[in-house]
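The structure under discussion appears below in the form of structure tokens.
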Amino acid sequence: MEKLSDKIIRKIKDEKICPKPRWQFLLKDYFVWLVFLISLIVGAVAFCTALHVFFTNDWYLYQYLHTTFIGHVLISIPYVWFGVLIVFILIAYYNFKYTKSGYRHETYFVVALSVVGSLLLGTFLHTLGTGERIEEMVAASVPFYERITCCSDRKDVWDQPEYGLLGGKITNVFSEEDFELMDFNGFNWKVRESEETIEYEPLEIRAGEEVKIIGKKEQDFVFWAREIRPWKKKGEIRKTRIRAEE
Amino acid sequence: MLDKNNCVEKTDEELVALTIKDQDFFSCLVDRYSEKLTRYIMRISASTREDAEDLLQEIFVKAYRNLNDFDLNLKFSSWIYRIAHNQVISHWRKTKTRPQVIKFEADEDFLKFIADEGDLALDTERKFAGEEVRRMLGKLDNKYKEVLVLKFLEQKDYKEISDILRKPLGTVATLINRAKKHLRKIVEKNNPESKST
Chain V
958 MEKLSDKIIR KIKDEKICPK PRWQFLLKDY FVWLVFLISL IVGAVAFCTA
1008 LHVFFTNDWY LYQYLHTTFI GHVLISIPYV WFGVLIVFIL IAYYNFKYTK
1058 SGYRHETYFV VALSVVGSLL LGTFLHTLGT GERIEEMVAA SVPFYERITC
1108 CSDRKDVWDQ PEYGLLGGKI TNVFSEEDFE LMDFNGFNWK VRESEETIEY
1158 EPLEIRAGEE VKIIGKKEQD FVFWAREIRP WKKKGEIRKT RIRAEE
Chain B
147 MLDKNNCVEK TDEELVALTI KDQDFFSCLV DRYSEKLTRY IMRISASTRE
197 DAEDLLQEIF VKAYRNLNDF DLNLKFSSWI YRIAHNQVIS HWRKTKTRPQ
247 VIKFEADEDF LKFIADEGDL ALDTERKFAG EEVRRMLGKL DNKYKEVLVL
297 KFLEQKDYKE ISDILRKPLG TVATLINRAK KHLRKIVEKN NPESKST
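If you read the sequences in order, they're chains V and B.
Take any residue in the first sequence, count from 1 to its spot, add 957: that is its number in this note's numbering.
Take any residue in the second sequence, count from 1 to its spot, add 146: that is its number in this note's numbering.
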């Protein structure tokens, strides 16, 4: 009876079976590591964007939205970005486990590695302002983004003049104390300022600027502004000045 | 022509390197592992010797194709056992014939090893016939049987089991402990007197 080893060697020779080249295995290993790294980076980008959204959120708005601070915090959490972060942490985990030695590590270690990696890199990217750029890019290219993220850039939040919230683009500046604004529905409003009005830097009252205003609707399409903020660059709202004091 | 006596002194890893250059050296590895792996396959798959040998051919051919993927951080035995394990599972999937009861060929060895472990020091060998032991072992989940086979029949250490099953060391230790606990419960159920011993 033919020995098993002879049978196998004969099969190998007859069928001209060869060991697969080493580069194929290396390529596969590198691919798994690459996907792991990409997942960490995408997770980090999601986290830095979440940080940006979180830190630039209009936390003060809850007073005008008839909700509690906790309620406002809950709706302001950037769930979309945290969702993306979680998905990519899981992908990173899955890939790490499929690296050659990934199985040797306990699940909690691999998850912790993926989480800490994404959070540290994300925090670093946040300091470079990457979150803001990513959010702007996504907001410009993903049509439903503003609808599913809360709250600063959601135009519907700033389309509630009856609650004292009005946003839009300045179309005309008549004087230091009044200007015209087109809201997001295309209606023109006359906005009136007074000595109590606070303008938040880096605000410029000039045609073409987008602003968000907290104040009071005085009559149809006439709005008194108590606080005016630039629509974008929310992160730079640090200093306040009272125009009347200038 | 390969002089098989050349193989005896060589380590597995040296034989892998030689096989890459000359396929005839692969027969040394096959000779070294065919009996061990046949037993292992039979233990985890309830196959007949003939079926196990068919599967073994596929395992060695697969190992040969993937020789360049052999990781020197592993023992060759762990690597080839891993291929065998995966191939058996893949065979189960293909044929959908995963056995519910796994046949242990070396029950006495198994019981001796279990007893040596201490915490299962039940006088099982005298109380149960081989057939009953087989039946009790058959009640264990396959994941427990797999680790028990590797630990007590194949006499692999935790690191090797970890490499074969691609599970962390901690998980292997947990599985073995749980497997022993489950087995003890089954043994106690079959012999209530053993609870008091």
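Every residue gets a Cβ at the ideal spot worked out from N, C-alpha and C, and that includes glycine.
C-beta neighbour in chain V for residue i, strict 8 Å
i                      : result
residue 163 of chain B : no
residue 236 of chain B : no
residue 288 of chain B : no
residue 227 of chain B : no
residue 332 of chain B : no
residue 191 of chain B : no
residue 176 of chain B : yes
residue 173 of chain B : yes
residue 313 of chain B : yes
residue 210 of chain B : yes
residue 214 of chain B : yes
residue 310 of chain B : no
residue 206 of chain B : yes
residue 303 of chain B : no
residue 307 of chain B : no
residue 322 of chain B : no
residue 233 of chain B : no
Range of the contiguous alpha helix (DSSP H) that encloses residue i
i                       : result
residue 1079 of chain V : 1064-1084
residue 1115 of chain V : First-last for residue 1115 of chain V: undefined, no H or E at that position.
residue 192 of chain B  : From DSSP, residue 192 of chain B is part of no alpha helix (DSSP H); its letter is neither H nor E.
residue 171 of chain B  : Segment: none, residue 171 of chain B is in no alpha helix (DSSP H) and carries neither H nor E.
residue 241 of chain B  : 222-241
residue 1098 of chain V : 1087-1098
residue 304 of chain B  : 304-311
residue 296 of chain B  : Unbroken run through residue 296 of chain B: none, as it is neither H nor E.
residue 1061 of chain V : Run containing residue 1061 of chain V: none; DSSP gives neither H nor E here.
residue 1013 of chain V : Premise fails: residue 1013 of chain V is in no alpha helix (DSSP H) and is neither H nor E.
residue 971 of chain V  : 961-971
Inter-residue CB distance, residue i and residue j (contact presumed, cutoff 8 Å)
i                       : j                       : result
residue 1154 of chain V : residue 1127 of chain V : Residue 1154 of chain V to residue 1127 of chain V, Cβ: 14 Å. No contact.
residue 962 of chain V  : residue 177 of chain B  : 5 Å
residue 228 of chain B  : residue 312 of chain B  : 7 Å
residue 1092 of chain V : residue 1009 of chain V : 6 Å
residue 969 of chain V  : residue 207 of chain B  : 7 Å
Span of the beta strand (DSSP E) around residue i
i                       : result
residue 1130 of chain V : 1122-1130
Residue-chain proximity (residue i, chain B), Cβ-Cβ < 8 Å
i                       : result
residue 988 of chain V  : no
residue 963 of chain V  : yes
residue 982 of chain V  : yes
residue 1063 of chain V : yes
residue 1207 of chain V : The displayed coordinates of chain V run from 958 to 1203. Any statement about residue 1207 of chain V would go beyond what the structure contains.
residue 1060 of chain V : yes
residue 979 of chain V  : yes
residue 1057 of chain V : yes
residue 974 of chain V  : yes
residue 959 of chain V  : no
residue 1072 of chain V : no
Closest Cα partner of residue i within the set the options
i                       : options                        : result
residue 1038 of chain V : V:1180, V:1120, V:1095         : V:1095
residue 1073 of chain V : V:1159, V:1169, V:1045         : V:1045
residue 139 of chain B  : B:332, B:230, B:287, B:284     : In the structure as shown, chain B starts at 147 and stops at 343, and residue 139 of chain B therefore has no counterpart that could be examined.
residue 1179 of chain V : V:1170, V:1008, V:1147, V:1036 : V:1147
residue 299 of chain B  : B:152, B:180, B:190, B:173     : B:190
residue 158 of chain B  : B:203, B:324, B:221            : B:221
residue 992 of chain V  : V:1063, V:1049, V:1069         : V:1049
residue 1173 of chain V : V:1182, V:1162, V:1142         : V:1182
residue 332 of chain B  : B:286, B:321, B:309            : B:286
C-beta neighbour in chain D for residue i, strict 8 Å
i                      : result
residue 203 of chain B : Annotation note: the requested chain D is absent from the structure, which comprises protein chains V and B.
Unbroken stretches of the beta strand (DSSP E), 3 residues or longer, contained in the segment 1016-1052 of chain V: Runs found: none.
Curious, which full-length beta strand (DSSP E) runs of at least 3 residues does the segment 1133-1203 of chain V contain? Those beta strand (DSSP E) runs which fall completely within the segment 1133-1203 of chain V and span 3+ residues are 1135-1140, 1145-1149, 1155-1157, 1167-1176, 1179-1187, 1197-1199.
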